[in-house]
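Undergrad: Each residue of the sequence shown is one higher than the one before, counting from 1 in my numbering.
All residues carry an ideal CB built from backbone N, CA and C; glycine is no exception.
One structure, as structure tokens, below. Some questions next.
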Amino acid sequence: MYNVNEKGFYGEFGGAFIPEMLKPNVDELRENYLKISESEDFQREFHQLLKDYVGRPTPLYFSKRLSEKYQTQIYLKREDLCHTGAHKVNNTIGQILLAQKLGKKRIIAETGAGQHGVATATVCALMGMPCVIYMGAIDIKRQAPNVARMKMLGAKVVAAESGSKTLKDATNEAIRDWINNPEDTHYIIGSVVGPHPFPDMVARFQSVISKEVMKQLKEQSHKSKPDYVLACVGGGSNAAGIYYDFLEDTEVGIIAVEAAGKGVSTGESAATSQLGRQGIIHGSKTLLMQNADGQITEPYSISAGLDYPGIGPMHAHLYASKRAEFISVTDDDAMQAGWELSQLEGIIPAIETAHAFAVFKERKFEPDDVVVINLSGRGDKDLNTYMEYFNL
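Structure below.
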């Protein structure tokens, strides 16, 4: 009911709305991704790299001081401890193995906060494949440490100078590249967006997160499953990863946290569930921020990874079907939540991730509720933004 169907749709969202020139690339992926990724050889290589290279399983950590403050049982899934500092590498490992099996010789990717770019550059260095990363010119400035990491890992970083010069525009440039280089190039999309099969493929690679949570919670808690799983949502790959194995279990509440920016009604926001209508972006039918004429409106968030004008079709379906509860969090509340987590638990989160922690100011939980938050990335890349905001 909440997973993708055979036509690539989540309810009424999803599909592959693509130009004719992209059809061969997308068809090749659609026809082969399950057969390859579910094979015994692929699974063995994928999980070996996740264990020995990425450092999985990541810990499920009981957040004692945060739990005491908010009077509920808060567990953190520590994706910030993955190699490269975020969950993104789970997907790039899977996709580069898939690209190799398909005989591709060159990798392209888009990135907003830079974590997906770093994770892509990392696996390309690991496998000896050339790599081009498209990134909005504004994001290049505000995520300078990640740009330096990508270059050090051997990637070519190309600035997207059009539009808002952020993630949407970087994605447009990457798609143009893919159209022009269909034979030898694989496009590693970093989130659960784009034409089918990308949303399903990325969700499957990220589902290692929810699979580990199920096992770890049984070992650490009096409950066999969480009462709630919670994550920030831009495109939504970290959220898809922690929701995946709980989608059909309606006893587990799903909470998605979006970036309200300066406020949902200010005109400077990225709260797609509140502001979006059905539309098509980057080859997928989903909820999309747009004006009365159907032109995409520019999103805004202090977080480079959440200022995307749409959400993945899985999340659009979770919202429309009311399977998930969507909460919007402002820049200020997210920054304060990041500060609080740093002070209470000694963990500096990525600003994207900090949005998820702001939920406890918005919503109350019962004392015996087990709430698992996907701590999707660490805050090293955002230190300049934190320093400016808090005058450090």
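Determine the direct distance from the alpha carbon of Q73 to that of D369, and round the result to whole angstroms.
TA: Reading the sequence shown from its first residue, position 369 is the one you call residue 369. Reading the sequence shown from its first residue, position 73 is the one you call residue 73. Taking the straight line from one Cα to the other gives about 6 Å.
Undergrad: Classify N90 as buried or exposed, calling it buried when 16 or more other Cβ atoms lie within 10 Å of its own Cβ.
TA: Residue 90 sits at position 90 when you count from the first residue of the sequence shown. Buried: at least 16 other Cβ atoms inside 10 Å.
Undergrad: One question on the structure: do A86 and G377 come within less than 7 Å of each other, judged by their Cβ atoms?
TA: On the sequence shown, position 86 is the one that residue 86 refers to. On the sequence shown, position 377 is the one that residue 377 refers to. Yes, these two residues count as a Cβ contact at 7 Å.
Undergrad: Within a Cβ cutoff of 8 Å, which residues of the same chain sit near H83, ignoring the five residues on either side of it in sequence?
TA: Here residue 83 corresponds to residue number 83 of the sequence shown, with the count starting at 1. So the qualifying residues of the chain are Y53, V54, G55, V89 and T122.
Undergrad: Given that a residue counts as buried once 16 or more other Cβ atoms are within 10 Å of its Cβ, and exposed if not, what is N391?
TA: On the sequence shown, residue 391 is found 391 positions in, with the first residue counted as 1. N391 is exposed by the Cβ-count criterion.
Undergrad: With DSSP as the reference, label G85 as helix, strand or coil.
TA: As a first step, residue 85 must be located in the sequence shown, where it is residue number 85. Coil, per DSSP.
Undergrad: Going by beta-carbon coordinates alone, are K165 and A119 separated by less than 7 Å?
TA: Start at 1 with the first residue of the sequence shown, and residue 165 comes out as number 165. Start at 1 with the first residue of the sequence shown, and residue 119 comes out as number 119. No, Cβ-Cβ distance for K165 and A119 is not below 7 Å.
Undergrad: Taking the CB atoms as reference points, tell me whether P299 and P313 lie closer together than 7 Å.
TA: Translated into the one-based positions of the sequence shown, residue 299 becomes position 299. Translated into the one-based positions of the sequence shown, residue 313 becomes position 313. No, the Cβ-Cβ distance between P299 and P313 is not below 7 Å.
Undergrad: Measure the alpha-carbon distance for K322 versus D80 and round it to whole angstroms.
TA: Mapped onto the sequence shown, residue 322 falls at position 322. Mapped onto the sequence shown, residue 80 falls at position 80. For K322 and D80, the distance between alpha carbons rounds to 29 Å.
Undergrad: Flag this pair as touching only if the stretch 325 to 332 and the stretch 28 to 48 have three or more C-beta atom pairs under 8 Å; answer yes or no.
TA: They do not touch, by the three-pair rule.
Undergrad: From which residue to which residue does the alpha helix (DSSP H) around M314 run?
TA: In the sequence shown, residue 314 corresponds to position 314, counting from 1. Residues P313 to A320.
Undergrad: By alpha-carbon positions, which one of H186, Q48, R78 and S342 ends up nearest to P59?
TA: Residue numbering aside, residue 59 sits at position 59 when the sequence shown is read from its first letter. Looking at the Cα atoms, R78 is the closest of the given residues.
Undergrad: Give a yes or no on whether the C-beta atoms belonging to I188 and Q115 are separated by under 7 Å.
TA: Here residue 188 refers to the residue found at position 188 of the sequence shown. Here residue 115 refers to the residue found at position 115 of the sequence shown. Cβ distance not < 7 Å, so I188 and Q115 don't count as in contact.
Undergrad: Pair every Cβ in the stretch 195 to 211 with every Cβ in the stretch 236 to 250, then say whether three or more of these pairs are closer than 8 Å.
TA: Yes, they touch.
Undergrad: Using 7 Å as the threshold, is the C-beta distance between V359 and V257 below it?
TA: As a working mapping, residue 359 is identified with position 359 in the sequence shown. As a working mapping, residue 257 is identified with position 257 in the sequence shown. Cβ distance < 7 Å, so V359 and V257 count as in contact.
Undergrad: What did DSSP end up calling Q278 once you bin it into helix, strand or coil?
TA: Here residue 278 refers to the residue found at position 278 when the sequence shown is read from its first residue. Of the three classes helix, strand and coil, the one that applies to Q278 here is strand, per DSSP.
Undergrad: Rounded to the nearest angstrom, what separates L375 and C232 at their Cα positions?
TA: Residue numbering aside, residue 375 sits at position 375 when the sequence shown is read from its first letter. Residue numbering aside, residue 232 sits at position 232 when the sequence shown is read from its first letter. Near 9 Å, if we compare the C-alpha coordinates of C232 and L375.
Undergrad: Once the 5 residues before and after I347 are set aside, which same chain residues still bring their CB inside 6 Å of it?
TA: For the purposes of this step, residue 347 is identified with residue 347 of the sequence shown, where counting begins at 1. Same-chain partners within the cutoff: L341.
Undergrad: For E251 and I133, what's the separation of their Cα atoms in angstroms?
TA: Numbered from its first residue, the sequence shown carries residue 251 at position 251. Numbered from its first residue, the sequence shown carries residue 133 at position 133. E251 and I133: Cα-Cα distance of roughly 40 Å.
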